[in-house]
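Protein chains in written order, with the UniProt record's numbering: chain A, 1 to 208; chain B, 1 to 208; chain C, 1 to 208.
Even for Gly, the Cβ is constructed at its ideal location relative to N, Cα and C.
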Amino acid sequence: MTFFDVLDILGTVAFAISGALSAMNRRFDLFGIFIIAFVTAIGGGTIRDILIGNTPVSWMQNITTMYLISGITIFSIIFRNKLDYLKGSLFLFDTIGLGIFTITGVETGINAGLEPIVSIALGATTGCFGGVIRDILCNEIPVIFRKEIYATASIAGGICFMVLYSLDLDQNITYISTALLIIIIRLLVVKYRVSLPLFTIADRNTIE
Amino acid sequence: MTFFDVLDILGTVAFAISGALSAMNRRFDLFGIFIIAFVTAIGGGTIRDILIGNTPVSWMQNITTMYLISGITIFSIIFRNKLDYLKGSLFLFDTIGLGIFTITGVETGINAGLEPIVSIALGATTGCFGGVIRDILCNEIPVIFRKEIYATASIAGGICFMVLYSLDLDQNITYISTALLIIIIRLLVVKYRVSLPLFTIADRNTIE
Amino acid sequence: MTFFDVLDILGTVAFAISGALSAMNRRFDLFGIFIIAFVTAIGGGTIRDILIGNTPVSWMQNITTMYLISGITIFSIIFRNKLDYLKGSLFLFDTIGLGIFTITGVETGINAGLEPIVSIALGATTGCFGGVIRDILCNEIPVIFRKEIYATASIAGGICFMVLYSLDLDQNITYISTALLIIIIRLLVVKYRVSLPLFTIADRNTIE
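Right, here's the structure in full:
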């Protein structure tokens with residue numbers, strides 16, 4: 001199993017947890033929790049596959065994804081009491097997920113022969129949309145519209161990926177640098193409460 | 001016309017009526033009523049087709065569907081005064097629709113060579129998503145997140161279908177058993193106010 | 001560059017502006033403004049492409065679209081102070097966009113060998129969905145459900161297009177007549193406050 005596979009699993013795990021927590025915060029029932037966990041974990045990749053016509057979409061072809069998400073959801077329900085503790089690490093996991101799925105999206109675009117700017121947009125879509133669908137279903141303001149520079153970090157990562165990719169470096173270096181850049185941007189932004197210019201949103205919820 | 005065709009028409013009819021009623025309850029105008037009726041009736045099948053790459057999607061290839069839904073919508077508007085009477089039978093129709101579209105979804109998955117668990121997920125998506133889109137457009141809490149064990153019944157039906165299918169029984173028996181199981185679960189759940197454990201939702205609306 | 005290309009660009013421009021203004025009215029940050037501008041400008045065409053299986057979707061294959069929308073969004077932000085002035089012309093631009101994308105949708109359906117009624121539905125979907133997604137993301141009542149006979153004008157235009165198309169007239173005449181019909185219907189409807197029968201919506205927001 002490559003380093004990328006490990007990251008991929010961590011990303012799916014992170015998004016599944018964030019979805020399950022969102023659903024529990026909204027007091028959804030057992031099934032609602034599973035639905036939101038699944039949608040958050042597979043939403044971005046599903047939209048990526050649909051946009052480029054890669055069907056049946058990935059989660060339908062890799063069955064382990066469904067078992068993994070189911071297990072993680074049960075785990076999240078059992079340890080929901082540890083939410084406060086989890087929330088901190090969750091931000092990190094969610095950001096790791098954002099970083100990883102941005103990478104898979106950009107790479108998918110490159111492999112599909114799309115223009116760099118289009119591949120970067122596909123990367124941001126892949127990284128962000130799981131969270132967007134989760135928030136729409138939970139009737140919250142989508143995370144990309146909050147003050148945390150979420151999608152912007154994803155796009156910065158996508159640009160970084162394209163540059164390193166064009167330099168023909170070792171793939172793992174490209175992966176790690178991109179993921180780290182996104183994570184660091186997110187950490188700094190939240191630590192120093194940086195926000196994009198001009199307009200702010202009333203809603204100040206954290207990611208979950 | 002096979003028994004399945006009859007059920008299929010009944011399902012489309014039921015979802016079209018439920019959509020029209022939802023829209024009228026939200027006081028949408030004539031066009032809004034048609035839109036919601038269409039989306040509710042074709043939404044699940046459309047997402048099923050998009051996920052597996054069966055395009056143009058079904059309703060674009062079978063023109064009678066559009067005429068059927070249009071006729072049913074006009075019928076629903078004319079007889080809207082009978083809503084109170086309709087509401088009871090509507091629950092049944094809607095449940096029949098859930099049962100039928102769950103079956104078409106699971107079978108589509110099997111025919112596409114997907115894993116059983118994936119086919120069951122596709123069946124639940126097909127059965128539930130028309131109602132989910134309807135509720136999102138009507139700005140209500142999606143039916144699958146309410147206390148009525150909606151998607152759970154669909155998944156139970158999907159598992160039933162897979163088991164009977166693997167037993168190689170007569171197809172009609174598989175169809176009828178699956179649909180009946182879903183209908184019975186829904187009836188019992190609402191009659192005895194059963195609900196899934198752990199979390200409940202404030203909103204207590206019935207389906208329409 | 002044909003007359004149609006010019007209209008197409010105007011339509012994309014108009015929808016991008018309407019999206020940017022919507023986002024600024026909702027006080028989204030810089031990134032939110034870009035997201036909404038993009039979704040509004042490409043949403044309808046993306047759903048059109050996904051429904052008929054034309055993937056990767058158009059905006060991924062025609063890179064100039066992304067640059068055009070980006071430029072228009074920056075333009076909208078700089079001249080946001082002129083909003084009050086813009087709002088008037090925006091209604092016209094938005095309507096032009098509706099007219100153009102209705103045409104591209106209907107024609108796409110015809111070229112895909114779909115039935116006339118299905119092509120008209122595809123035209124309405126293409127014309128209306130950018131605005132619908134914009135409004136859902138901005139948490140407003142979708143424009144098609146407001147009192148301004150939006151989608152109805154699109155469908156009337158689609159029928160007009162099919163009739164003129166069947167008469168085998170010069171394509172530009174068909175394009176212009178269809179676009180003009182939609183624009184005139186919208187203008188008359190708003191000027192004389194015409195609305196569809198039966199049900200009205202509380203929310204009285206204008207398009208932006």
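- Residue 141 of chain C carries a coil assignment under DSSP once its states are collapsed to helix, strand and coil.
- Measuring C-alpha to C-alpha distances from residue 163 of chain A to each of A:152, A:9, A:112 and A:106 identifies A:106 as the nearest.
- Under a 10 Å Cβ-count criterion, residue 186 of chain B is classified as buried, with 16 or more other Cβ atoms of the shown protein chains found around its own Cβ.
- In terms of beta-carbon proximity, residue 141 of chain A stays away from the interface with chain B, with every pair separated by 8 angstroms or more.
- Cβ neighbours of residue 151 of chain A within its own chain (closer than 8 angstroms, five residues either side excluded): 124, 127, 128 and 144.
- Taking 8 angstroms as the threshold, the shortest C-beta distance from residue 145 of chain C to chain B falls below it.
- For residue 38 of chain C, the CB contacts under 6 angstroms within the same chain, skipping 5 residues up- and downstream, are 69 in chain order.
- At a beta-carbon threshold of 7 angstroms, none of the residues of chain C lie near residue 79 of chain B; the nearest stands roughly 14 angstroms away.
- A distance below 8 angstroms separates the beta carbons of residue 134 of chain C and residue 40 of chain C.
- Under the 8 angstroms criterion on CB atoms, residue 68 of chain A is classed as non-interfacial with respect to chain B.
- Per DSSP, residue 27 of chain A lies in no alpha helix (DSSP H) and is assigned neither H nor E.
- CA-to-CA, the gap between residue 177 of chain B and residue 161 of chain B works out to about 8 angstroms.
- Annotation: Cβ neighbours of residue 118 of chain A in chain C (cutoff 9 angstroms, chain order): 56, 59, 60, 61, 63 and 66.
- A check of alpha carbon separations from residue 193 of chain B across B:139, B:149, B:154 and B:108 identifies B:149 as the nearest.
- Legend: CB atoms of the stretch 169–198 of chain A lying less than 8 angstroms from CB atoms of chain B are not found in any residue.
- Burial check for residue 188 of chain C: the Cβ neighbour count within 10 Å stays below 16, so the residue is exposed.
- Residue 51 of chain A has its alpha-carbon roughly 13 angstroms from the corresponding atom of residue 52 of chain B.
- Within chain B, the residues placing a beta-carbon under 8 angstroms from that of residue 53 of chain C are 53, 55 and 56, ordered along the chain.
- The three-state secondary structure of residue 55 of chain B, taken from DSSP, is coil.
- Note that the C-beta distance between residue 179 of chain B and residue 99 of chain B is below 8 angstroms.
- Put simply, the CB of residue 17 of chain C is far from chain A, with every gap to its CB atoms at 8 angstroms or more.
- For residue 159 of chain B, the enclosing alpha helix (DSSP H) starts and ends at 150–166.
- By the Cβ-count criterion, residue 18 of chain A is buried, with 16 or more other Cβ atoms from all chains shown falling within 10 Å of its own Cβ.
- In the three-state scheme derived from DSSP, where H, G and I count as helix and E and B as strand, residue 62 of chain A is classed as coil.
- Around the beta-carbon of residue 119 of chain B, 16 or more other beta-carbon atoms lie within 10 Å, marking it buried.
- Interface criterion not met: the Cβ of residue 110 of chain A is under 8 angstroms from no Cβ in chain C.
- Under the 8 angstroms criterion on CB atoms, residue 115 of chain B is classed as interfacial with respect to chain A.
- Residue contact with chain A for residue 133 of chain C: absent (no Cβ-Cβ distance below 8 angstroms to any residue of chain A).
- Taking a beta-carbon distance threshold of 8 angstroms, residue 45 of chain A does not count as an interface residue toward chain B.
- Residue-level contact check: residue 95 of chain A does not touch chain C, since none of the beta carbons of chain C fall below 8 angstroms from its beta carbon.
- Counting every other CB atom within 10 Å of its CB across the protein chains shown gives residue 8 of chain A a total of 16 or more, marking it as buried.
- The Cβ-Cβ distance between residue 154 of chain C and residue 184 of chain C does not fall below 8 angstroms.
- Per the C-alpha coordinates, the member of C:42, C:24, C:73 and C:169 positioned closest to residue 58 of chain C is C:42.
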